[in-house]
Amino acid sequence: MIIAFIGDVVGQSGRRAVAYATPRIREQHHADVVIANAENSAGGFGINAPGIAEMEASGVDFFTTGNHIWDKREGIPLLESRANIVRPANYPGAPGRGISLVANTNGRVAVMNLQGRVFLPPLDCPFRTADRLLAELPPEARVVVVDMHAEATSEKIAMGYYLDGRVSLVLGTHTHVPTRDARILAGGTGYVTDVGMTGSNDSILGVRKEQVIERFLSMRPTRFEVAKGDIRCDFVIADIDEESGRTRTFEHMQISLED
Ligand SMILES: [Fe+2]
Ligand SMILES: [Fe+2]
Numbered sequence: 065m066i067i068a069f070i071g072d073v074v075g076q077s078g079r080r081a082v083a084y085a086t087p088r089i090r091e092q093h094h095a096d097v098v099i100a101n102a103e104n105s106a107g108g109f110g111i112n113a114p115g116i117a118e119m120e121a122s123g124v125d126f127f128t129t130g131n132h133i134w135d136k137r138e139g140i141p142l143l144e145s146r147a148n149i150v151r152p153a154n155y156p157g158a159p160g161r162g163i164s165l166v167a168n169t170n171g172r173v174a175v176m177n178l179q180g181r182v183f184l185p186p187l188d189c190p191f192r193t194a195d196r197l198l199a200e201l202p203p204e205a206r207v208v209v210v211d212m213h214a215e216a217t218s219e220k221i222a223m224g225y226y227l228d229g230r231v232s233l234v235l236g237t238h239t240h241v242p243t244r245d246a247r248i249l250a251g252g253t254g255y256v257t258d259v260g261m262t263g264s265n266d267s268i269l270g271v272r273k274e275q276v277i278e279r280f281l282s283m284r285p286t287r288f289e290v291a292k293g294d295i296r297c298d299f300v301i302a303d304i305d306e307e308s309g310r311t312r313t314f315e316h317m318q319i320s321l322e323d
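So the sequence shown is numbered by the working numbering: it starts at 65 and just counts up by one.
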């Protein structure tokens, strides 16, 4: 089973990159399932129905999110109504779900979303949350993809080792900068600290760079708008053994719209 995971999609630039890259990921890499982190897909903050529909039309099957999921009020009901969207599972008492099965995989693929607690709000323990959710999984769900949405590299690496051999993939998101450490851990779990970003690379994390620099200079809130130039899609491709759930091959890649 080939699974593709697309790093944080930022605004319209990100959705353009998804529209360009997803058919190529499906054709060239024969992806069976395409997952994308959508927390910034609506204007850079949160999700909305048109943005999700647009990415589904581009070929994305499933969406993970993160701390920005709460930014757009109209996106929150989607967490309840849509089984193919998850939010971090360790939010206490939040709407929506933190784990869900991918449709059309006969219950074989589950996607879990977790959020770190270092330099982010003090949620429930993501490690113990993962233990609990894995214990509740149906036995046919052998392929488990975990989006570990976190700021600190150490916390993401710790989750990789903690879940090694128990899940198929632990994929870091949130920091929007791809890390050069994609590997398969000893127990067969594909791991990367950050998948990266899908959107404008001529930016600061997808946002117009002048606006972010102005915020650092003024130390006051400034307007943030999605940047437009040098659009790229960062993603990983994993070949996973459906019986054991172990990852056989794992690659970190990028598609540029200029290619
Ligand atoms: Fe993000
Ligand atoms: Fe985030």
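Quick reminder that beta carbons are idealized off the backbone N, C-alpha and C, glycines included. In this text the structure is predicted, and so the values were computed from the model without any measurement.
Integer-rounded CB distance, given that residue j should sit under 8 Å from residue i
i      : j      : result
Ala205 : His316 : That belief does not hold up - the Cβ atoms of Ala205 and His316 are roughly 25 Å apart, past 8 Å.
Leu321 : Ile295 : 4 Å
Arg79  : Glu118 : 5 Å
Val100 : Val124 : Note on identity: in this sequence residue 100 is Ala, with Val being the wrong assignment. Confirmed, about 5 Å.
Phe299 : Ala85  : 7 Å
Pro190 : Met223 : 7 Å
Rounded C-alpha distance that separates residue i from residue j
i      : j      : result
Gly254 : Asp188 : 25 Å
Arg146 : Glu200 : 20 Å
Arg279 : Thr286 : 6 Å
Leu184 : Arg88  : 35 Å
Phe126 : Leu165 : 9 Å
Gly115 : Gln76  : 8 Å
Ile277 : Glu219 : 28 Å
Ala194 : Asp228 : 12 Å
Ala167 : His93  : 20 Å
Val259 : Val209 : 13 Å
Lys292 : Ser264 : 5 Å
Tyr225 : Leu249 : 8 Å
Phe69  : Thr217 : 19 Å
Arg310 : Glu215 : 26 Å
Asp96  : Lys136 : 30 Å
Ser122 : Val98  : 10 Å
Ile268 : Val82  : 19 Å
Val318 : Gly160 : According to the sequence shown, residue 318 is Gln rather than Val. Those two C-alpha atoms are separated by around 31 Å.
Asn112 : Gly236 : 23 Å
Asp275 : Glu120 : The question names Asp, but residue 275 is Gln in the sequence shown. So the two alpha carbons sit approximately 31 Å from each other.
Cys297 : Thr128 : 16 Å
Arg244 : Leu281 : 30 Å
Lys273 : Trp134 : 24 Å
Phe288 : Ile67  : 33 Å
Check whether residue i and residue j have beta carbons under 9 Å apart
i      : j      : result
His238 : Gly139 : no
Thr257 : Ile221 : yes
Ile304 : Val207 : yes
Met65  : Val173 : yes
Gly157 : His132 : no
Val271 : Gly108 : yes
Leu178 : Asn148 : no
Met176 : Val231 : yes
Val74  : Val241 : no
Gly171 : Met212 : no
Leu197 : Ile163 : yes
Outcome for residue i when other beta-carbon atoms lying within 10 angstroms are tallied against a minimum of 16
i      : result
Val182 : exposed
Arg192 : exposed
Glu307 : exposed
Thr169 : buried
Gly251 : exposed
Glu144 : exposed
Glu103 : buried
Pro152 : buried
Can you tell me which residues fall inside 6 Å of ligand 2, judged by beta-carbon distance to its nearest heavy atom, and keep chain order? Glu103, Gly130, Asn131, His132, His213, His238
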